[in-house]
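J.:
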Amino acid sequence: MSLTLTCPICGKRNGYEFRYGGEDKGPRPEEEGLTPRSWCDYVHMNKCVAGVQKEWWFHRDGCGSWFTTYRNTVTNLEVEGPEAKE
Amino acid sequence: MFGKYKPLWGEKTRLKSSYDAVIIGGGLHGLATAYFLAKEHGMKNVAIIEKNFIGFGGAGRNTAIVRANQRTQINVPLYKEALDLWPVLTKDLDFNLMFNNCGNLNLMHSEAAMNAARMNIATAQFHGVESHLLDAKQVKEMVPALNISPDITYPIHGAMYHPPGGIVRHDAVVWGLAKGAVKLGAEIHQQTEATAIHTENGKITGVETSRGKIHTPRVLVSAGGYSAGIISQMLGVKLPISVLTIQAMVTQPLKPILNHVVSSGAYHCYANQTLKGEIATGAHMDPWPNYTTLTTAYYIKHQAQALSEFLPCLRGIKFMRHWGGLADMTPDMAPIMDGNDPIDGFYMNCGWGYFGFKSCSSTGKYLAEYMATGSCPDILKPFNLRRYERHELMGETAALVNYSPDN
Numbered sequence: 014m015s016l017t018l019t020c021p022i023c024g025k026r027n028g029y030e031f032r033y034g035g036e037d038k039g040p041r042p043e044e045e046g047l048t049p050r051s052w053c054d055y056v057h058m059n060k061c062v063a064g065v066q067k068e069w070w071f072h073r074d075g076c077g078s079w080f081t082t083y084r085n086t087v088t089n090l091e092v093e094g095p096e097a098k099e
Numbered sequence: 044m045f046g047k048y049k050p051l052w053g054e055k056t057r058l059k060s061s062y063d064a065v066i067i068g069g070g071l072h073g074l075a076t077a078y079f080l081a082k083e084h085g086m087k088n089v090a091i092i093e094k095n096f097i098g099f100g101g102a103g104r105n106t107a108i109v110r111a112n113q114r115t116q117i118n119v120p121l122y123k124e125a126l127d128l129w130p131v132l133t134k135d136l137d138f139n140l141m142f143n144n145c146g147n148l149n150l151m152h153s154e155a156a157m158n159a160a161r162m163n164i165a166t167a168q169f170h171g172v173e174s175h176l177l178d179a180k181q182v183k184e185m186v187p188a189l190n191i192s193p194d195i196t197y198p199i200h201g202a203m204y205h206p207p208g209g210i211v212r213h214d215a216v217v218w219g220l221a222k223g224a225v226k227l228g229a230e231i232h233q234q235t236e237a238t239a240i241h242t243e244n245g246k247i248t249g250v251e252t253s254r255g256k257i258h259t260p261r262v263l264v265s266a267g268g269y270s271a272g273i274i275s276q277m278l279g280v281k282l283p284i285s286v287l288t289i290q291a292m293v294t295q296p297l298k299p300i301l302n303h304v305v306s307s308g309a310y311h312c313y314a315n316q317t318l319k320g321e322i323a324t325g326a327h328m329d330p331w332p333n334y335t336t337l338t339t340a341y342y343i344k345h346q347a348q349a350l351s352e353f354l355p356c357l358r359g360i361k362f363m364r365h366w367g368g369l370a371d372m373t374p375d376m377a378p379i380m381d382g383n384d385p386i387d388g389f390y391m392n393c394g395w396g397y398f399g400f401k402s403c404s405s406t407g408k409y410l411a412e413y414m415a416t417g418s419c420p421d422i423l424k425p426f427n428l429r430r431y432e433r434h435e436l437m438g439e440t441a442a443l444v445n446y447s448p449d450n
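Protein sequences appear in the order of chains R and U. If you want our numbering, it's the 1-based position in the first sequence plus 13. If you want our numbering, it's the 1-based position in the second sequence plus 43.
Next up, the structure:
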């Protein structure tokens, strides 16, 4: 299960250099009109997709970048996202 | 496994078009629920549908450790009852579950950890669970193989000793419960995958499977690490769960050296000696959510380093087998058991992380009561899904955890 991830600054690196930052849930919700349920949804709830998902990573043992990438959770391999195909 | 052999629990039956309840997932929690539904509530027209074979998931991949030394007052009684049920089930199922209550020794590596253990022990004693604090010398007397010298990475200050815990043969629990449930009328359908859950006007109406449609007013999703994905994909209900791989391994068989389960939070390592003599050991989870059950060299190296420090006599011993399973972790390290919310007749049992094995017996008993009566037993009430939006997280860990590389 040799995961490698592509850091926007450092390029392709060993997965153990990174910290997983969660599923990509879009922008942080506006504080106005925020309910406990919608906040909980943003903070805690996950889709747990068995397949390709967009997610956040932090290059902890590297340059310190936060970035999003796509990974297939069934194979644990980084894949090209829809943006790359456009 | 499938072929011409007759399953241990009896003849294969045809999948019917209607059941009183359908349980998705042929693991320990699903089997136990079906067993108690039939035994205590007379609900026998129940199908357990399993995509692979029973015991394929966490039921056959855990390290077989049972204990009731959790942290919160909400969790301890549930695990205590599970512990008390092993001898009862052994008798009722007429199946040797090989319960070996050798006791758990939870090593502490700092004075802060000793204080945390004092609180855990007070909670345990309050609930009638035996648990003691030992100092390093007493630990050494109990397990002479342990290294209590101060020159290791995390010197041993003492331990929380929990005598009623131990080991249960996990495959025997799968087989015993399967046999018990089927004998009382439940049906087990292996190689049957749930593909959709049907609802109408906020009520469960049926389950679509790879072998046809089933009509039912009740569905329990109890599919271990796969539950959150199933519930989110089929019903659009998102859960506060991250699914991570956790690995375990066994060494070559040795003469008896370890007569207790030994675990260490600081080293991220636990070990016990099986009845065959192997040292079965596991550690933390892989730092990224995924559905593979692949194993890594990184993990073997970690185990070898940790074990050779606090059990130095294991240096040079070879690992024989290594496997992975899924742990569905919640932010408060406590499970989610809920029903009839937001869909009538829909029950879920997930978020058990890496402690689903030790709790399967009591959980099955109470979930069966929940499904049969439609009202939630008091002991399960705090485990509802809404606790997260109410910010009533359980505090099974002292600090909130984020399942990623650091743990």
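The beta-carbon is built from N, C-alpha and C at its ideal position, and this holds for glycine as well.
(1) Buried or exposed, going by whether 16 or more other CB atoms sit within 10 Å of the CB of serine 285/U?
(2) DSSP three-state label for histidine 175/U, please.
(3) Proline 206/U and glycine 388/U - do their beta-carbons sit closer together than 8 Å?
(4) Strictly under 8 Å for the Cβ-Cβ distance: is threonine 82/R near chain U by that measure?
(5) Which residue's Cα is closest to the Cα of serine 73/U: Glu173/U, Asp194/U and Gly98/U?
(6) In chain order, what residues of the same chain have a beta carbon less than 8 Å from the beta carbon of glutamate 356/U, not counting five sequence neighbours either side?
(7) Give the residues of chain R in contact with alanine 271/U, contact being defined as C-beta atoms less than 9 Å apart.
(8) For chain R, check one thing: does any of its Cβ atoms lie closer than 8 Å to the Cβ of proline 378/U?
(9) Comparing the CB of arginine 110/U with every heavy atom of the ligand HEM, is any distance shorter than 7 Å?
(10) Taking CB distances under 8 Å as the criterion, tell me whether asparagine 333/U reaches chain R.
(11) Which whole-angstrom value describes the C-beta separation of valine 211/U and valine 109/U, a residue pair presumed to lie in contact below a C-beta threshold of 8 Å?
(12) When DSSP labels each residue in this structure, what does phenylalanine 31/R get in the three-state scheme?
(13) Please state whether DSSP places glycine 141/U in a helix, a strand or coil.
(14) Which residues in chain R sit within 7 Å of valine 264/U, going by Cβ to Cβ distance?
(15) Starting from the beta carbon of serine 253/U, find every residue of chain R whose beta carbon is closer than 8 Å, and list them in chain order.
(16) Using CA coordinates, which residue listed in Gly101/U, Arg114/U and Leu121/U is at the minimum distance from methionine 380/U?
(17) Quick one: is lysine 59/U buried, meaning 16 or more other Cβ sit within 10 Å of its Cβ, or exposed?
(18) So what's threonine 166/U in DSSP terms, helix, strand or just coil?
(19) Could you check how far apart the C-beta atoms of alanine 370/U and glycine 396/U are, in whole angstroms? I think they sit under 8 Å.
(20) Closer than 7 Å by C-beta to phenylalanine 138/U: which residues in its own chain qualify, once you throw out the five before and the five after it? Chain order, please.
(21) Using a Cβ-Cβ cutoff of 7 Å, what residues of the stretch 278-293 of chain U are near chain R? List them in chain order.
(22) Tyrosine 341/U versus chain R: which residues are under 7 Å apart at the beta carbon?
(23) With 16 other CB atoms within 10 Å as the buried threshold, where does alanine 165/U fall?
(24) Can you say whether threonine 324/U is buried or exposed, counting buried as having 16 or more other CB atoms within 10 angstroms of its CB?
(25) What three-state label does DSSP hand glutamate 96/R in the structure shown?
(26) Suppose you measure from the CA of proline 448/U to the CA of lysine 123/U; what does that come to, to the nearest Å?
(27) Determine, using beta carbons only, whether arginine 41/R comes closer than 8 Å to chain U.
(28) So which residues of chain R does proline 425/U contact, with C-beta pairs closer than 7 Å?
(29) At a CB-CB cut-off below 8 Å, which residues of chain R make contact with arginine 433/U?
(30) Rounded to the nearest angstrom, what separates proline 385/U and isoleucine 274/U at their Cα positions?
(31) If you measure from the beta carbon of aspartate 54/R to each beta carbon in chain U, is any gap under 8 Å?
(32) Give the C-beta separation of leucine 282/U and glycine 100/U to the nearest angstrom, bearing in mind that I take them to be a contact with Cβ-Cβ under 8 Å.
(33) How many Å lie between methionine 86/U and leucine 410/U at the Cα?
(34) Closest Cβ-Cβ distance between threonine 88/R and chain U: below 8 Å?
(35) Which residues does DSSP list as the beta-bridge partners of methionine 203/U?
T.: Let's see:
(1) Counting of Cβ neighbours within 10 angstroms places serine 285/U among the buried residues, the total reaching 16 or more.
(2) Correct three-state label for histidine 175/U: strand.
(3) The answer is no: Cβ separation not under 8 Å.
(4) Chain U, which has no Cβ nearer than 8 Å to the Cβ of threonine 82/R, makes this no.
(5) The sequence shown places glycine at residue 73/U, rather than the serine named in the question. It is Gly98/U whose Cα lies nearest to the Cα of glycine 73/U.
(6) One point to set straight first is that residue 356/U is cysteine, not glutamate, in the sequence displayed. Excluding residues within five positions, the ones whose Cβ falls inside 8 Å are Ala188 and Ile300.
(7) Within 9 Å Cβ-Cβ: Asn59, Lys60 and Cys61.
(8) Chain R places no beta carbon closer than 8 Å to that of proline 378/U, leaving this residue out of the contacts.
(9) This structure does not include the ligand HEM; it has no bound ligands of any sort.
(10) At a cut-off of 8 Å between beta-carbon atoms, asparagine 333/U makes contact with chain R.
(11) Confirmed, Cβ separation roughly 5 Å.
(12) Coil, per DSSP.
(13) Reading off the sequence shown, one finds methionine at residue 141/U, where the question assumed glycine. Under the three-state reduction of DSSP, methionine 141/U is assigned to coil, being neither helix nor strand.
(14) Those do not exist, as valine 264/U stays about 12 Å from chain R at its closest Cβ, beyond 7 Å.
(15) Correct list: empty, because the minimum Cβ distance to chain R is about 16 Å.
(16) Here the closest residue by C-alpha is Leu121/U.
(17) Its Cβ having fewer than 16 others within 10 Å, lysine 59/U is exposed.
(18) Residue state for threonine 166/U is assigned as helix, using DSSP reduced to three classes.
(19) Contact holds; Cβ gap of about 5 Å.
(20) Same-chain partners within the cutoff: Ala215, Trp218, Gly219 and Lys222.
(21) The stretch 278-293 of chain U vs chain R, Cβ under 7 Å: Lys281, Leu282, Pro283, Ile284, Ser285 and Val286.
(22) Tyr29, listed in chain order.
(23) Alanine 165/U should be labelled exposed.
(24) When all chains shown are included, threonine 324/U counts as buried.
(25) Of the three classes helix, strand and coil, the one that applies to glutamate 96/R here is helix, per DSSP.
(26) Because proline 448/U carries a pLDDT of 38, less than 50, the predicted location of this residue cannot be relied on, and the following value inherits that uncertainty. Answer to the nearest angstrom: the Cα atoms are 31 Å apart.
(27) Closer than 8 Å: no.
(28) Within chain R, no residue comes near proline 425/U; the closest Cβ sits about 17 Å away, beyond 7 Å.
(29) Ordered by position in chain R, the residues that pass the 8 Å Cβ test against arginine 433/U are Pro49.
(30) Between proline 385/U and isoleucine 274/U, the C-alpha separation is close to 12 Å.
(31) Between aspartate 54/R and chain U, the shortest Cβ-Cβ separation is below 8 Å.
(32) Not quite, the Cβ-Cβ distance comes to about 17 Å (not below 8 Å), so this is no contact.
(33) Approximately 13 Å between the Cα atoms of the pair.
(34) Taking Cβ atoms only, chain U reaches closer than 8 Å to threonine 88/R, which makes this a yes.
(35) The partner list for methionine 203/U (beta bridge, DSSP) reads Asn149/U and Leu176/U.
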